[in-house]
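These notes concern the structure reproduced below.
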Amino acid sequence: MPIQPSFTGGELTPSLHSRVDLSKYNTGLKTCKNFFVHAHGGVSNCPGMEFLNRAMNSTHAVRLIPFQFNTEQTYVLEFGELYMRVFMDGGPVLEANQSITGITQASPGVVTIAGHGFVNGDWVWVDSVAGMTEMNGYYRKVANVSSNTFTLTDLDDNAIDTSNYSAYSSGGTAARVYTVTSPYAASDLALVKYTQTADTMTLVHPSYEPRTLTRSGHTTWSFAGITYNPEISAPTGVSGSGGIGDSYSYKVTAISETGEESLPSAASSGTLNEDGGTLTWTAVSGAARYVVYKNKPANGIYGFAGLAGSNTWTDTVINPDLSDTIPNADTPFNGTDNYPGTVTYFEQRGVYGATNNRPQTIFMTQVGNYHNFNTSSPTRDDDAIVFTH
-19 MPIQPSFTGG ELTPSLHSRV DLSKYNTGLK TCKNFFVHAH GGVSNCPGME
31 FLNRAMNSTH AVRLIPFQFN TEQTYVLEFG ELYMRVFMDG GPVLEANQSI
81 TGITQASPGV VTIAGHGFVN GDWVWVDSVA GMTEMNGYYR KVANVSSNTF
131 TLTDLDDNAI DTSNYSAYSS GGTAARVYTV TSPYAASDLA LVKYTQTADT
181 MTLVHPSYEP RTLTRSGHTT WSFAGITYNP EISAPTGVSG SGGIGDSYSY
231 KVTAISETGE ESLPSAASSG TLNEDGGTLT WTAVSGAARY VVYKNKPANG
281 IYGFAGLAGS NTWTDTVINP DLSDTIPNAD TPFNGTDNYP GTVTYFEQRG
331 VYGATNNRPQ TIFMTQVGNY HNFNTSSPTR DDDAIVFTH
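The sequence shown begins at -19 in this note's numbering and counts up one residue at a time.
So this is what it looks like as structure tokens:
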């Protein structure tokens, strides 16, 4: 029997089953059902799908988005009409178990959990009930809520009649399916684009403010609108005094421990003369150092004058470097028609594009600062970039 070196010929039509003279014959397959043929010659079976649960609201479109924190913590996010649920390890993520202390034999049966905190419509997983074991191993919906009791329905809203169930004896738990309020309507989910770094996902849609989705734990997820400004605050209370010679104006920025520079402070108050004058300001939380910019008389431009390790600095007749000027704020996404429709990361920059009113414009953040579009004049190598192609 001849050795078949690879399967790169793919599945051959029946008319070629006897064409031993063709080179494809030695790398082909009679049947290749539910397999992928790889360029390097091998084949692998197609991945299948497994039913895990129903969508929370199947009357609207639902979209599944993957979220991978590491090789052991991977999730599938179910986005529906203004909600999001989290799936992990073959099922929806559940909140902490709450202890059941009683279930009546009635139509509908009444479940007692002191201070449960559930609301009508919540999904719960019921398990470990002794006696009334018919309740175990099902997802149910909560109804008729009071402070310590509630009834249950199936997922089609049919009340659970426990009249003919075995009598409850003890124990049991109910755990709520973890659900987060989402800003996205089901009709808009198809156009949501996303990218992820570590435990934070950035989501964009041309009709929605850009948002982050942050995971702090299996049952701790949060959406937040993105503010496109430096994370570190600008110094305040900049004031100068003393010295001799000419009087100058100064502005100060803070540098975070990650190297991000804040916006500049307001111009200094007081009278500071450049030979021996002292500049002070209120210390900024998280600042590793500060940059002092000096306004050369009559030109209106604040150029680099020096670095400070604390909230004080002394001028020693330093001539400002006008090739290194204060950063200028830029927030490119404002208004309904000016939100990005796509997002990614490239060489340590956040990259956005496809706004409704500038569909061919690309917006790139500063290097290493994914939410910072500040620039200087003249520009620096790591400044934000905006261009239209």
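For every residue, glycine included, the Cβ atom is placed at its ideal position computed from N, Cα and C. Predicted, not measured: the structure shown is a model, and the values here were computed from it.
Smallest Cα separation from residue i: which of the options?
i, options, result
"GLY283", "GLU52, GLY223, SER357", "SER357"
"SER265", "LEU2, LEU193, SER213, HIS18", "SER213"
"THR199", "LEU287, SER(-14), LEU57, GLU30", "LEU57"
"VAL99", "THR81, TRP105, ASN6, VAL122", "VAL122"
"ASN124", "PHE31, ASP102, GLU(-9), TYR55", "ASP102"
"GLY70", "SER79, ASN33, PRO46", "ASN33"
"GLN328", "PHE67, ASP362, LYS10, ASP1", "ASP362"
"ILE(-17)", "PHE31, THR7, THR258", "THR7"
"GLY197", "THR11, ASN50, ILE224, SER(-2)", "ASN50"
"SER118", "VAL271, GLY152, ALA364", "The sequence as given places Tyr at residue 118; Ser does not occur at that position. Checked all of VAL271, GLY152, ALA364; the closest Cα to TYR118 is GLY152."
"THR194", "MET29, MET64, TYR145, ASP255", "MET64"
"THR311", "THR258, SER303, ASN352", "ASN352"
"SER227", "ALA147, GLU254, PRO(-6)", "GLU254"
"ASP317", "GLY257, ASN299, PRO190", "PRO190"
"GLN78", "LEU62, ASP107, VAL42, LEU259", "ASP107"
"GLY111", "GLY97, SER127, GLY(-11), THR81", "THR81"
"VAL90", "SER127, ALA76, THR54", "SER127"
"SER146", "THR129, VAL109, ARG156", "VAL109"
"VAL160", "ILE281, LEU62, GLY22, LEU259", "LEU62"
"ALA19", "PHE31, VAL366, THR260, PHE(-13)", "PHE(-13)"
"GLY258", "GLY280, VAL218, LEU(-4)", "This sequence places Thr at residue 258; Gly is not what is there. The option with the nearest alpha carbon to THR258 is VAL218."
"TYR332", "GLU52, ALA364, VAL23, SER(-5)", "ALA364"
"GLY97", "TRP105, THR260, ARG156, GLY223", "ARG156"
"LEU74", "VAL23, VAL104, SER150", "VAL104"
When we look at the beta-carbon of residue i and count the other beta-carbons within 10 Å, is it buried (16 or more) or exposed?
i, result
"GLY60", "buried"
"MET36", "buried"
"LYS13", "exposed"
"THR131", "buried"
"ASN354", "buried"
"LEU252", "buried"
"ALA204", "exposed"
"GLY315", "exposed"
"ARG381", "Because the chain here runs from -19 to 369, residue 381 falls outside it and cannot be looked at."
"LYS371", "This structure does not reach residue 371, given that the chain is present from -19 up to 369, and the question cannot be answered."
"ASN349", "buried"
"ASP137", "exposed"
"GLY(-10)", "exposed"
"GLY330", "buried"
"LEU44", "exposed"
"GLY280", "exposed"
"THR368", "exposed"
"THR359", "exposed"
What distance in whole Å lies between the Cβ atoms of residue j and residue i, which are believed to be in contact at a cut-off of 8 Å?
i, j, result
"SER248", "THR216", "With 8 Å as the limit, SER248 and THR216 do not qualify as a contact, their Cβ atoms being about 11 Å apart."
"PRO210", "GLU237", "The Cβ separation is near 13 Å, so there is no contact."
"ARG120", "ASP134", "7 Å"
"ASN275", "SER221", "In fact, because the Cβ distance is near 17 Å, the residues do not count as touching under 8 Å."
"TYR158", "VAL66", "6 Å"
"HIS40", "ALA170", "Not really, about 12 Å apart at Cβ, beyond 8 Å."
Cβ of residue i versus every heavy atom of the ligand SAM: is any distance shorter than 7 Å?
i, result
"GLY(-11)", "By its list of ligands, the structure shown contains no ligand whatsoever, and the ligand SAM lies outside what it can speak to."
Tell me, please, whether the CB atom of residue i is closer than 8 Å to any CB atom in chain B?
i, result
"VAL347", "Protein chains in the displayed structure number just one, and chain B is not present."
Between the C-alpha atoms of residue i and residue j, what's the straight-line distance to the nearest angstrom?
i, j, result
"ASP301", "THR335", "37 Å"
"TYR5", "ASN25", "22 Å"
"PHE326", "GLN48", "19 Å"
"SER242", "ILE235", "6 Å"
"LEU(-8)", "PRO27", "23 Å"
"THR92", "THR113", "16 Å"
"THR305", "THR262", "22 Å"
"MET181", "PRO72", "19 Å"
"ALA267", "THR233", "10 Å"
"ARG338", "PRO(-15)", "53 Å"
"SER162", "LEU2", "58 Å"
"ASN144", "ALA154", "21 Å"
"VAL297", "TYR270", "19 Å"
"LYS10", "PHE16", "14 Å"
"TRP201", "MET115", "30 Å"
"VAL272", "ALA285", "6 Å"
"PHE313", "ASP168", "19 Å"
"PRO307", "MET29", "51 Å"
"THR371", "ALA76", "It is not possible to answer for residue 371, since the shown part of the chain is limited to -19 through 369."
"GLY256", "GLY225", "9 Å"
"GLN346", "ILE206", "15 Å"
"GLY21", "LYS173", "34 Å"
"TYR148", "GLY95", "20 Å"
"THR54", "THR294", "53 Å"
"SER303", "GLY250", "26 Å"
"PRO(-6)", "ALA139", "57 Å"
"SER38", "PHE31", "15 Å"
Count the C-beta pairs between the region 181 to 191 and the region 314 to 324 that are closer than 8 Å, then say yes if the count reaches three, no if not. yes
Quick one: any contact between the region 78 to 85 and the region 173 to 184, if contact means 3 or more CB pairs under 8 Å? no
At least 3 beta-carbon pairs within less than 8 Å: the region 287 to 303 vs the region 337 to 348: no
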